[in-house]
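K.L.:
Start counting the sequence shown at 772; every next residue gets the next number (our numbering).
A single structure is presented below for examination.
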Amino acid sequence: MGTVQTYTEEQFTEWNEALEGKTPQEILKWAVEEFQPGLTMACSFGGPSGMVLLDMISRIDTSVEVFYLDTDFLFPETYATRDKVIERYGMMPIGYKSKLTPEEQAKEHGDQLWLKDPDLCCSIRKVEPNGRALEGKQAWISGIRRDQGESRGDAPIVQWDEKFGLVKVLPLVSWLEADVWAYIVKNDVPYNPLHDQSYPSIGCTYCTKAVKPGDDPRSGRWEGIDKTECGIHTGGDVIQIETADAK
Ligand code: SF4
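What follows is the structure in structure tokens.
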């Protein structure tokens, strides 16, 4: 992964200056004009931001591919939310799975890898599949926001994604949690029902807990472990996985 950057730093500065203050819909329209058909959108069905972006893109260009990472450990409510999206928008999100089944992972790396080495588990089940989802694309859209914690606090609207070797666009980067929910309510956007049961951010069943009122919304992810990111939006290499077929 990590192809050569084909844009200059000046280009990103120019884009960011032009897009600052624009609405998420305007940023999405710009991304479609600039990159489609080389554009793809990530949606986990486990956070409200991705649902908002889906609703927005469905009104702009339904040909934009939408993908999610099927770690094999998702909540039934997450799959149900995906199905609601298919029904509501007629879009067909593509699920990318790890090259290792949970059984193969346990055989190669031991049981309950998410407890012993969650970074490796996320590399195998999220980061590597994310790389495959982005292969051949020019740009991807993600719902991350600056209010989601320190590691995301200075994220630009558009940047070169060194890890995956393409442009990353963040239309909701300056929105707050409240803006996202206001949009969902106003537009009756489907969302993961676990949000109504104190799960503000939903990932894998093994690594997601409900949070107490007033706690950081992402504190239910990898609770009790010094980990706040799965590794998709941070630096480092993408793991290469050899499957039995390839050996
Ligand atoms: S969130 Fe947990 S179970 Fe899911 S891939 Fe990461 S460590 Fe593994």
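Idealized CB from N, CA, C, for every residue including glycine.
(1) With a threshold of 7 Å on Cβ separation, who are the neighbours of Trp801 within its own chain once the five nearest residues in sequence on each side are excluded?
(2) Would you say the beta carbon of Arg903 is closer than 6 Å to some non-hydrogen atom of the ligand SF4?
(3) Pull up the distance between the alpha-carbon of Thr842 and that of Glu788, whole angstroms please.
(4) Does the distance from the CB of Ala904 to the CB of Tyr867 come in under 7 Å?
(5) Helix, strand or coil for Leu947? Go by DSSP, reduced to three states.
(6) Of the residues Gly920, Leu871, Glu836, which one's Cα is nearest the Cα of Val898?
(7) What does DSSP give as the partner residues of Val929 in its beta bridges?
(8) Is Trp885 near the ligand SF4, with its Cβ less than 6 Å from a heavy atom?
(9) I want to check one thing, is the minimum distance from the CB of Thr872 to the heavy atoms of the ligand SF4 below 6 Å?
(10) Which residues are close to the ligand SF4, meaning CB closer than 6 Å to any heavy atom, in chain order?
(11) For Ser972 and Pro988, which I take to be in contact (beta-carbon distance under 8 Å), what is that distance rounded to the nearest angstrom?
(12) Assign Phe846 to one of three DSSP states: helix, strand, or coil.
(13) Figure out for me which residue from Glu906, Gly920, Asp959, Glu1013 has the closest Cα to the Cα of Asp932.
(14) Which one or two residues does DSSP pair with Trp911 in a beta bridge?
(15) Identify the continuous alpha helix (DSSP H) that holds Ile1041 and give its terminal residues.
(16) Hey, how far is the Cα of Tyr778 from the Cα of Gln968?
(17) Could you please give me the residues that DSSP links to Asp841 through a beta bridge?
(18) Give me, in chain order, the residues of the same chain whose beta-carbon lies closer than 8 Å to that of Leu824; leave out the 5 immediate sequence neighbours on both sides.
(19) Could you give the distance in angstroms between the alpha-carbon of Pro808 and the alpha-carbon of Asp832?
(20) How many whole angstroms separate the CB atoms of Val960 and Asp826, which I take to be in contact at a CB cut-off of 8 Å?
(21) Taking 7 Å as the limit between beta carbons, can you name the residues of its chain near Ile1010, skipping five residues before and five after?
(22) Below 7 Å CB to CB, which residues in the same chain sit around Thr979 once its five sequence neighbours on both sides are set aside?
(23) Who are the near neighbours of Tyr977 in its chain, counting only those whose CB is closer than 7 Å to its CB and skipping five residues on each side?
(24) Just to check my reading of the structure: Asn963 and Phe816 have Cβ atoms closer than 8 Å, yes? What is that Cβ distance to the nearest angstrom?
(25) Leaving aside the five residues before and after Ile828 along the sequence, list all residues of the same chain whose C-beta is less than 7 Å from its C-beta, in chain order.
P.N.:
In terms of the structure at hand:
(1) Leu790
(2) no
(3) 37 Å
(4) yes
(5) DSSP places Leu947 in the coil class of the three-state scheme, outside both helix and strand.
(6) Leu871
(7) For Val929, which the question treats as bridged, DSSP gives the partners Val940.
(8) Correct: Trp885 has its Cβ closer than 6 Å to the ligand SF4.
(9) no
(10) Result: Thr842, Phe844, Trp885, Pro889, Cys892, Cys893, Arg896, Lys897, Gly974, Cys975, Tyr977, Cys978, Cys1001.
(11) Yes, they are in contact, since the Cβ atoms of Ser972 and Pro988 sit about 6 Å apart, within 8 Å.
(12) Here Phe846 sits in coil by DSSP.
(13) Glu906
(14) Answer by DSSP bridge pairing, in chain order: Thr811, Lys939.
(15) Residue 1041 cannot be examined here, being either before or after the span of the chain that is shown, 772 to 1018.
(16) 44 Å
(17) Lys868
(18) Pro795, Leu799, Met812, Cys814, Ile912, Gly914, Pro942, Leu943
(19) 10 Å
(20) 5 Å
(21) Ser894, Ile895, Val898, Glu899
(22) Tyr970, Ile973, Gly991, Arg992
(23) Taken in chain order, the residues that qualify are Phe844, Trp885.
(24) 6 Å
(25) Within the same chain, Ile828 has close Cβ partners Leu799, Met812, Val835.
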